[in-house]
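Accompanying notes for the structure given below.
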Amino acid sequence: MFKCEICAKKDPEHLDRCEKHYFCADCKTKENLCYYIEGLLCYSCHKNRVEKRIEKFGGETQFTGEIICPYCGYEFADSWDYSSGKLECEDCENEFEVAVNTEISYSTSKIDKKRSDFGTMDDLPF
Ligand SMILES: [Zn+2]
Ligand SMILES: [Zn+2]
Ligand SMILES: [Zn+2]
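According to our numbering, the sequence shown holds residues 15 to 140 in order.
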């Protein structure tokens, strides 16, 4: 059952907001609204927030558990869907390069000594 996340009105006119509460969180406009990771915002307020995030975010990331946009810090929720190469950030729309690091692991098994190609200590020249 859908309800307005602010006033809990049932079956709201919009996804999870009634008509009264459907507005941009920053400038209160009802135009060009969209649900972004930071909430319900109009496109220009979303762009402003992304710009601020890009200024603050340090940049390149290494060996993270998920793909993180090196521009805005947006974390991809489904990183396993992607392979190495160019990727466009879903949030700031910048293109960046991703390298998928494959984890290295080791397996061991016993070698049958009688059939081993290695000689014994007695064969060594000293
Ligand atoms: Zn409401
Ligand atoms: Zn706005
Ligand atoms: Zn981004």
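Glycine included, every Cβ here is placed at the ideal spot set by N, Cα and C.
Relative to ligand 3, what is the chain-ordered list of residues with a Cβ closer than 6 Å to any of its non-hydrogen atoms?
-> Result: C83, Y85, C86, Y88, C103, D105, C106 and N108.
Helix, strand or coil for C48, going by three-state DSSP, please let me know.
-> Your numbering for residue 48 matches position 34 in the sequence shown. Under the three-state reduction of DSSP output, C48 falls in the strand class.
Check each candidate in D105, F77, S93 and W94 and name the one with the smallest Cα separation from G87.
-> What you label residue 87 is simply residue 73 of the sequence shown in a count that begins at 1. Of the candidates D105, F77, S93 and W94, the one whose C-alpha sits nearest the C-alpha of G87 is D105.
Pull up the distance between the alpha-carbon of F37 and that of I20, whole angstroms please.
-> Position 23 of the sequence shown holds residue 37. Position 6 of the sequence shown holds residue 20. Answer to the nearest angstrom: the Cα atoms are 12 Å apart.
Below 7 Å CB to CB, which residues in the same chain sit around F16 once its five sequence neighbours on both sides are set aside?
-> On the sequence shown, residue 16 is found 2 positions in, with the first residue counted as 1. In its chain, beyond the 5 residues on either side, D25, P26 and D30 have a beta carbon closer than 7 Å to the beta carbon of F16.
Using a threshold of 7 Å, is the CB atom of R63 nearer than that to any non-hydrogen atom of ligand 1?
-> As a first step, residue 63 must be located in the sequence shown, where it is residue number 49. Every heavy atom of ligand 1 is 7 Å or more from the Cβ of R63, so no.
Indicate whether C32 and C18 have their beta-carbon atoms separated by less than 8 Å.
-> As a first step, residue 32 is located in the sequence shown; it is residue number 18 there, counting from the start. As a first step, residue 18 is located in the sequence shown; it is residue number 4 there, counting from the start. For C32 and C18, yes; Cβs fall inside 8 Å.
Can you tell me the Cβ-Cβ gap for N115 and Y85, rounded? I've got them flagged as a contact below 8 Å.
-> Here residue 115 corresponds to residue number 101 of the sequence shown, with the count starting at 1. Here residue 85 corresponds to residue number 71 of the sequence shown, with the count starting at 1. Not really, about 20 Å apart at Cβ, beyond 8 Å.
Around ligand 1, what residues have a beta-carbon under 7 Å from a heavy atom of it, in chain order?
-> Taking each Cβ in turn, the ones that pass are C18, I20, C21, K23, P26, R31, C32, K34 and H35.
Residue span of the alpha helix (DSSP H) that contains V112, given as start and end = Along the sequence shown, one-based indexing puts residue 112 at 98. Segment E109 to V112 is the beta strand (DSSP E) holding V112; no alpha helix (DSSP H) there.
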